[in-house]
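Sequential numbering of the sequence shown, starting at 0, is according to numbering that gives the first Met the number 0.
Glycine included, C-beta positions come from ideal geometry on N, C-alpha and C.
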Amino acid sequence: MSIELTLYQPDIPQNTGTLLRLAACLGVPMNIIEPCGFLLTDRSLKRAGMDYLDLASVQRHLDWETYNNSRSGRLILLTTTGNTAYCDFRFHPDDHVMLGRESAGVPQEIHAAADARLVIPMQAGRRSINVAIAGAMVLGEALRQTNGFAVTEQTTENEDSQ
Numbered sequence: 000m001s002i003e004l005t006l007y008q009p010d011i012p013q014n015t016g017t018l019l020r021l022a023a024c025l026g027v028p029m030n031i032i033e034p035c036g037f038l039l040t041d042r043s044l045k046r047a048g049m050d051y052l053d054l055a056s057v058q059r060h061l062d063w064e065t066y067n068n069s070r071s072g073r074l075i076l077l078t079t080t081g082n083t084a085y086c087d088f089r090f091h092p093d094d095h096v097m098l099g100r101e102s103a104g105v106p107q108e109i110h111a112a113a114d115a116r117l118v119i120p121m122q123a124g125r126r127s128i129n130v131a132i133a134g135a136m137v138l139g140e141a142l143r144q145t146n147g148f149a150v151t152e153q154t155t156e157n158e159d160s161q
C-alpha cells in the first residue's frame, strides 16, 4: 500500500516526464488517465524523464471511469479551488493524489467524486504553481506523513568521516 500519483489527461509532455521521474525516484506508482495531449513517445517527455521513464511504475487508464472503477483508497484532488491547505490535511498510505490538466484542471464530476480538494496556499493574485512542482510539494508532504519515503543505503558525509 502506497500513496499513488494520478495525472488526469496531461497536456504538457515536459511536466509529465518530470512527474514520471519523480515517481520513479520516490518509488511511487503513477496513474495516467487518457487521453493525453501528446503521445507518450514524445521527445519532450523523454528529455524531461531522462532514463528514469523505464524505472517508473505506470498504469495507463483509457478514461476516468476505467481509472475510478479500478482505484482503491481515497481520491485527493489538488486544485486551485480547494478548500483545505495540503499541509493541514491528514494523508493516508493508500491515497491517490490527482493533478488535473494544465489547461483546464478536471471536470466537475471529478471534483464531486474527490474525497478531498486540496490547495497550495499562495500569495494573493497568483493563479497557480506549475503542475509538476505542485505535485512534488504535495507528494513530499503525503510521503512524509505516511512514512512512505523509500529507505536508501546511501551514507552522509558525516557518517563517512567518523
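Exercise. Assuming His95 contacts Glu33 under a Cβ cut-off of 8 Å, what Cβ separation, rounded to an integer in Å, is found between them?
Worked result: At roughly 16 Å, the Cβ-Cβ gap does not stay under 8 Å, so His95 and Glu33 are not in contact.
Problem set entry | Given Asp62 as reference, the closest of Ser1, Thr5, Pro120 once Cα atoms are compared | Thr5
For this session: Counting only the same chain and skipping the five closest in sequence on each side, list residues whose C-beta sits under 8 Å from that of His91.
Result: Gly72, Arg73, Thr145
Exercise. Val118 lies in the beta strand (DSSP E); which residues open and close that run?
Worked result: 115–118
For this session: Put Leu61 into one of helix, strand or coil per three-state DSSP.
Result: coil
Exercise. Near Gln58, what residues of its chain come up, given a Cβ to Cβ distance below 6 Å and the 5 sequence neighbours on each side ignored?
Worked result: Asn30
Exercise. Hey, quick one: how far does the alpha helix (DSSP H) through Met0 stretch, first residue to last?
Worked result: No alpha helix (DSSP H) contains Met0, which DSSP labels as neither H nor E.
Problem set entry | Where Gly104 falls: helix, strand or coil (DSSP) | strand
Problem set entry | Proximity below 9 Å, CB of Ser1 to CB of Pro28 | yes
For this session: For Thr15, count neighbouring C-beta atoms within 10 Å of its own C-beta (all shown protein chains included) and say buried if the count is 16 or more, exposed if not.
Result: buried
Exercise. When you compare each of Leu52, Leu18, Thr79 to Ile128 by their alpha carbons, which one comes out closest?
Worked result: Thr79
For this session: Confirm, please, whether the CB-CB distance from Glu108 to Ile11 is below 9 Å.
Result: no
Problem set entry | Boundaries of the beta strand (DSSP E) in which Leu52 is found, first to last residue | Per DSSP, Leu52 lies in no beta strand (DSSP E) segment and is marked neither H nor E.
For this session: Could you check which residue in Leu77, Tyr66, Leu76, Leu18 has the C-alpha nearest to that of Tyr51?
Result: Considering only alpha carbons, the answer is Leu18.
Exercise. Using the rule of at least 16 other Cβ atoms within 10 Å of the residue's Cβ for burial, across every protein chain shown, is Met97 buried or exposed?
Worked result: With 16 or more other Cβ atoms from the protein chains shown falling within 10 Å of its own Cβ, Met97 counts as buried.
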